[in-house]
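Participant: Shown below is the structure under consideration.
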Amino acid sequence: MSNFSCKLFDNLILKSPLILASGISGNSDGLLVRAAKSGAAAVTTKGVTLKYQKGAENPVSTDWGPGLITNLGLSNPGIESMAYMIKTFRNEMGDQTIPIFVNIHGESAEEYAEIARLIAPSHPDLLEIDLPFPDETLAREIRHAVIENASGIPISVKISADYPKIGQLAKVIEDAGADAISAINSMKGLIVDAYAAKPFLSSGSGGISGPAIKPIALYCISEIYQAVNIPVIGTGGVLTGLDMAEMMMAGATIVGVGSALYYSGYGAFSQIMNEFETFMKSEGYQSTSELVGKIWR
Amino acid sequence: MEKTILNKEKRSHVFTIDRIRHENEMTSSLIMKESLEGEPGQFLLLWLPGVGEKPFSIAGTDPLVVTVADVGKLTHEIHTLQPGDRVWIRGPFGQGYQAYGTDALLVGGGYGASPLLFLAETLIEKGTRVQVFLGARTKDLLILKDQFEELPLKIYITTNDGSCGIQGFVTVPLEESIRNLPDPQDACVYACGPKGMLIGIDALCEKYNIARQLSWEAIMRCGMGLCGNCKIEMPDTWDEPSDKPGSKKAWLVCRDGPTSFTK
Ligand SMILES: Cc1cc2nc3c(=O)[nH]c(=O)nc-3n(C[C@H](O)[C@H](O)[C@H](O)COP(=O)(O)OP(=O)(O)OC[C@H]3O[C@@H](n4cnc5c(N)ncnc54)[C@H](O)[C@@H]3O)c2cc1C
Ligand SMILES: Cc1cc2nc3c(=O)[nH]c(=O)nc-3n(C[C@H](O)[C@H](O)[C@H](O)COP(=O)(O)O)c2cc1C
Ligand code: FES
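Chains A and B, in that order, give the protein sequences.
Going by the working numbering, the letters in the first sequence line up with residues 1 to 297, in that order.
Going by the working numbering, the letters in the second sequence line up with residues 1 to 263, in that order.
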C-alpha cells in the first residue's frame, strides 16, 4: 500500500489519516484493539468522567434513515478504569504502536483539571476535551486548567456545530494554547414516534451522527481551517474513502469515523482506506498533505 | 397478512397482538397480526413506550411470533398485554442460523428454545433430519414441548429434578445422539440457552468434531454495534476469521452474532 502517513504534530505521526472517533467501541480495550487491528491509525476512547456512569435506559439509539441518533447517557467506566484500559490496550497491541487518544468530559474547569491530573500518568497520546457547551470563556478556562495538569500531553478541544461563530470559537481555543481542534461532535436532535406520541429515545433528545451531518461537518471544518493554524481532526458522516478525501480538502489533517462502524462494521477501516487509495492514485496525489485544505488553496 | 416490514426500514414499527399462547407459568408467545422478514437465530428489539426496549429472538415470521419469559421490568409489562394491544418492533438484527448438513440437533435451555421451533420448521422444509433436545431446571420451565411434538422430528426432554423426561442435563441425550449419527461430518448442532450450557455443548462438539452454531446472550443497549455493551470473548475452540482481526476477544453479540459457527 502507498504511504499515507500523516503528521499531526512533530512528535505524533500516524500511519494514515483514518482514526476511530470517540464513543464507538471506546469503553472496552478489546474493542479498541479490534478497531486498531482492523486498520484504525489511532483510536479514541469514550468520553470519560471522574466516576463511573451507568448511562441511560434503552432505547438509546436508532437509525432514522438519513442518519443515526444516540444518547447513551455518557456511560463510561470512570477515569481509574480508563487508565487501566490504556495500559491493557498498549500491552495487547505489543509492537504495533497505535496511538490512543483519551476523550474527557467534565462539568466545570476544575473537574477537567482533576480528570487530566488523574489520566496524565498513563500518557495518552492526545487528550481530547469534549466541550460540554460551546462557550468561549469556558473553553479558555478548561484549556488552561487541563494544560496545567496534563504534563505536556497534546490537547485537542472538540466542538460541535451548535455554535454560530465556529471559526471564532476555534481561534479562541487556539489562542488559549490548544494543539488541535476536533470537529464536529454529534448534533442535538429529537426523534418522535407518532404512534407512541413520545420521543423514541428514553432520554428524549440525542446526538445526530452519520451521513445526515456530513455537509455541516464539512462547513464547520472549512471555517475552522481558515481561522486557525493548528491541525483539525475532522469527524461527521464519513462512510467512504471519498468522504474522507472531501473532509481533508475542507481542512481536516486526520479524519475520525464513528457511525461508519454501524453501517459497515469494523471492515469500515479497510474499506475506506482502499477507496481512499483508489482516489489518490486516480487523481495523482502523492501524499495526504496535498489534500489538506485543498479547496482553499 | 397485512404487511411485511422490509430489512431496509430500520425504525420501529407498530405491531398488534393477535393472539397470546401461554407456554408455561412465566413464558408466553405473542402472535402478531403482521409479519416480519427474518431468519431463525436473528433477533428484534421490542419497545414499549415509557417502559423500555430489549432484544428477543424471532420465533416465527409469518405472522411474527415473539416468545417472552417474564424475568424483569419490561418482560413483566409485556405479560400484562392482551390481544389488540400494540408493541413497537425494529429488526431483524444480527446473524441467524445457517442450514448445514443432513442431520440437525437442536438444543434449547429454558426460554432458549424460543428460536428453535422456527428453526426446526425451516430445516424440515429444506429436508433436514431434525432432533430436538429441550432442557430446563424443572417441568414448569420447559417451553414449546407440545408444538415440537406436532412436527416430524425426534424430541428428548431433560429436567434437572426429573419432573419431566430424563433427569439431568441435555448434554447426556445429546452425546448419545451424536454417537449414533450416520455421519457426524454431515451434521450440525444448533444451541440456544444460558452461557454455561453453550460452553458445555461446545466442548462436547469439539470432542466429536462436529459443527455447531451457538446463539449467545449479552445485555444489549444500542443493538447497532456502537456501544460495545454486548461484547463477549469467544471460547478457545472458535477460530477467528482472517477478515475480522481482534474479534475473538471482542465479539459483538448484536453484530457478529448472536449466532457463532464453528465447523
Ligand atoms: C440475542 C438475544 C435474544 C434473546 N431472546 C429472548 C427471547 O426470545 N425470549 C426471552 O424471553 N428473552 C430473550 N432474551 C433475553 C431478554 O432480552 C431479557 O430477558 C430481557 O432483556 C429482560 O428485560 P427486562 O426489562 O424484563 O429485565 P430487567 O429488569 O432488565 O432485568 C431482569 C433480570 O434479567 C437479567 N437480564 C437482563 N437482560 C438480560 C439478557 N439479555 N440476558 C440475560 N439476562 C438478562 C438482568 O440482569 C436481571 O437479573 C434475549 C437476549 C438476547 C441478547
Ligand atoms: C454512540 C456514540 C457515542 C459518542 N460518544 C462521544 C463521546 O463520548 N465524546 C465525544 O466527544 N464524542 C462522542 N461521539 C461523537 C463522535 O465522536 C463523532 O464526533 C460524531 O458521531 C460524528 O461522527 P460520525 O458521523 O462519524 O459518527 C459519539 C458518537 C456516537 C455515535
Ligand atoms: S448492544 Fe451496543 S454494540 Fe451491541
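All C-beta atoms in this analysis are idealised placements derived from N, C-alpha and C, irrespective of residue type, glycine included.
Only a predicted model underlies this, so the values are computations on that prediction, with no experimental measurement involved.
For ligand 5, is there any heavy atom lying closer than 7 Å to the beta carbon of Gly72/B?
Facilitator: This structure lacks ligand 5; the ligands present are ligand 1, ligand 2 and ligand 3.
Participant: Between Ala250/B and chain A, is there a C-beta pair that is closer than 8 Å?
Facilitator: Yes, contact with chain A.
Participant: Any idea if Lys3/B is buried or exposed, counting beta-carbon neighbours within 10 angstroms, 16 or more meaning buried?
Facilitator: Annotation note: pLDDT 49 at Lys3/B (below 50); position unreliable, no value reported.
Participant: Within 10 angstroms of its Cβ, does Gln271/A collect 16 or more other Cβ (buried), or is it exposed?
Facilitator: Answer is buried; the Cβ neighbour count reaches 16.
Participant: Give a yes or no on contact between the stretch 19–32 of chain A and the stretch 41–58 of chain A, applying the rule of three or more CB pairs nearer than 8 Å.
Facilitator: Judged by Cβ distances under 8 Å, the stretch 19–32 of chain A makes contact with the stretch 41–58 of chain A, as three or more pairs qualify.
Participant: Could you work out which residue in Gly228/B, Asp256/B, Leu226/B, Asn229/B is closest to Glu240/B when comparing CA atoms only?
Facilitator: Nearest option by C-alpha distance: Asp256/B.
Participant: By alpha-carbon positions, which one of Phe169/B, Asp62/B, Leu48/B ends up nearest to Glu298/B?
Facilitator: Given that chain B is displayed from residue 1 to residue 263, the structure contains no residue 298/B and the question cannot be resolved.
Participant: Going by other Cβ atoms of all chains shown within 10 Å of its Cβ, with 16 needed for buried, is Asp10/A buried or exposed?
Facilitator: So Asp10/A counts as exposed.
Participant: Counting contacts by CB-CB distance shorter than 8 Å, is Pro245/B in contact with chain A?
Facilitator: With 8 Å as the cut-off, Pro245/B counts as an interface residue toward chain A.
Participant: What span of residues does the alpha helix (DSSP H) with Pro75/A cover, start to end?
Facilitator: Residue identity check: residue 75/A is Ser in the sequence provided, not Pro. Ser75/A -> no alpha helix (DSSP H), and no H or E assigned at all.
Participant: Who does Leu30/B pair with in a DSSP beta bridge?
Facilitator: Partner(s): Ile20/B, Val66/B.
Participant: Which residues in chain A have a C-beta closer than 8 Å to the C-beta of Cys222/B? List them in chain order.
Facilitator: Near Cys222/B (Cβ distances below 8 Å), the residues of chain A are Val60, Ser61, Thr70, Leu72.
Participant: Count the other C-beta atoms from every protein chain shown that fall within 10 angstroms of the C-beta of Thr259/B, then say buried if there are 16 or more, exposed otherwise.
Facilitator: Result: buried.
Participant: Take the Cβ of Phe133/A as the centre, count every other Cβ of all protein chains shown within 10 Å, and call the residue buried at 16 or more, exposed below.
Facilitator: Exposed, by the Cβ-count rule.
Participant: Any Cβ of chain A within less than 8 Å of the Cβ of Lys33/B?
Facilitator: Chain A contact via Cβ: absent.
Participant: Here's a check: name, in chain order, each residue in its chain whose Cβ is nearer than 6 Å to the Cβ of Tyr52/A, leaving out the five neighbours to either side.
Facilitator: Same-chain partners within the cutoff: Pro77, Gly78.
Participant: Do Glu136/A and Leu190/A have their C-beta atoms closer together than 8 Å?
Facilitator: No; because the gap between Cβ atoms is not below 8 Å, this pair is not in contact.
Participant: From the DSSP output, in three-state form, read off Ala40/A for me.
Facilitator: Here Ala40/A sits in coil by DSSP.
Participant: Kindly list the residues whose CB is nearer than 8 Å to the CB of Pro92/B, restricted to its own chain and excluding five residues on each side of it in sequence; keep chain order.
Facilitator: Here the set comprises Asn7, Leu36, Glu37, Gly38, Glu39, Gln42, Phe43, Leu44, Ile58.
Participant: What are the partner residues of Val170/B, as DSSP defines its beta bridges?
Facilitator: Answer by DSSP bridge pairing: none, since Val170/B is not bridged.
Participant: Below 8 Å, can you find three or more Cβ-Cβ pairs linking the stretch 148–155 of chain B to the stretch 182–199 of chain B?
Facilitator: Too few Cβ pairs lie closer than 8 Å, so no.
Participant: Check whether the stretch 160–167 of chain B touches the stretch 137–144 of chain B, taking contact to mean three or more Cβ pairs, one atom from each stretch, closer than 8 Å.
Facilitator: Counting Cβ pairs under 8 Å, three or more are found: they touch.
Participant: Taking Pro66/A and Pro211/A to be in contact with their CB atoms under 8 Å, please state how far apart those CB atoms are, rounded to whole angstroms.
Facilitator: The pair is a contact, with the Cβ atoms about 6 Å apart (cut-off 8 Å).
Participant: Rounded to whole angstroms, what is the Cα-Cα separation between Thr70/A and Ile213/A?
Facilitator: If you take the alpha carbons of Thr70/A and Ile213/A, they lie about 14 Å apart.
Participant: Taking CB distances under 8 Å as the criterion, tell me whether Asp95/A reaches chain B.
Facilitator: It does not; no Cβ of chain B falls within 8 Å.
Participant: Would you call Arg297/A buried or exposed, if buried means 16 or more other Cβ atoms sit within 10 Å of its Cβ?
Facilitator: With fewer than 16 Cβ atoms within 10 Å of its Cβ, Arg297/A is classed as exposed.
Participant: How about Val146/A and Ala183/A: do their beta carbons lie closer than 8 Å?
Facilitator: Against a cut-off of 8 Å, the Cβ pair of Ala183/A and Val146/A comes out as no contact.
Participant: Classify Phe15/B as helix, strand or coil using the three-state DSSP reduction.
Facilitator: It is a strand residue.
Participant: Within 8 Å (strictly less), CB to CB, does Pro211/A reach chain B?
Facilitator: Taking Cβ atoms only, chain B never reaches closer than 8 Å to Pro211/A, which makes this a no.
Participant: Counting contacts by CB-CB distance shorter than 8 Å, is Ser28/A in contact with chain B?
Facilitator: At least one chain B Cβ lies under 8 Å of Ser28/A.
Participant: Going along the chain, which residues of its own chain have a beta-carbon closer than 7 Å to the beta-carbon of Met1/B, five neighbours each way excluded?
Facilitator: Only weak support exists for where Met1/B lies, its pLDDT of 46 falling under 50; the value from the coordinates is given anyway. Glu34, Ser35, Asp62, Pro63.
Participant: What residue from Ala150/A, Ile181/A, Arg117/A has the CA that sits closest to Ala139/A's CA?
Facilitator: Nearest option by C-alpha distance: Ile181/A.
Participant: Out of Ser259/A, Met247/A, Leu242/A, Gly265/A, state which residue places its alpha-carbon closest to the alpha-carbon of Phe279/A.
Facilitator: For Phe279/A, the nearest C-alpha among the options comes from Leu242/A.
Participant: Is the beta carbon of Val10/B within less than 7 Å of some heavy atom of ligand 2?
Facilitator: At residue 10/B the sequence reads Lys, which differs from the Val that was named. Not so, every heavy atom of ligand 2 lies at least 7 Å from the Cβ.
Participant: Short of 7 Å Cβ to Cβ, which residues in the stretch 29–60 of chain B face chain A?
Facilitator: For the stretch 29–60 of chain B, which is checked against every Cβ of chain A, the residues closer than 7 Å are Trp47, Pro49, Gly50, Gly52, Glu53, Lys54.
Participant: Does DSSP classify Tyr276/A as helix, strand or coil?
Facilitator: The question names Tyr, yet the displayed sequence has Phe at residue 276/A. Three-state result, Phe276/A: helix.
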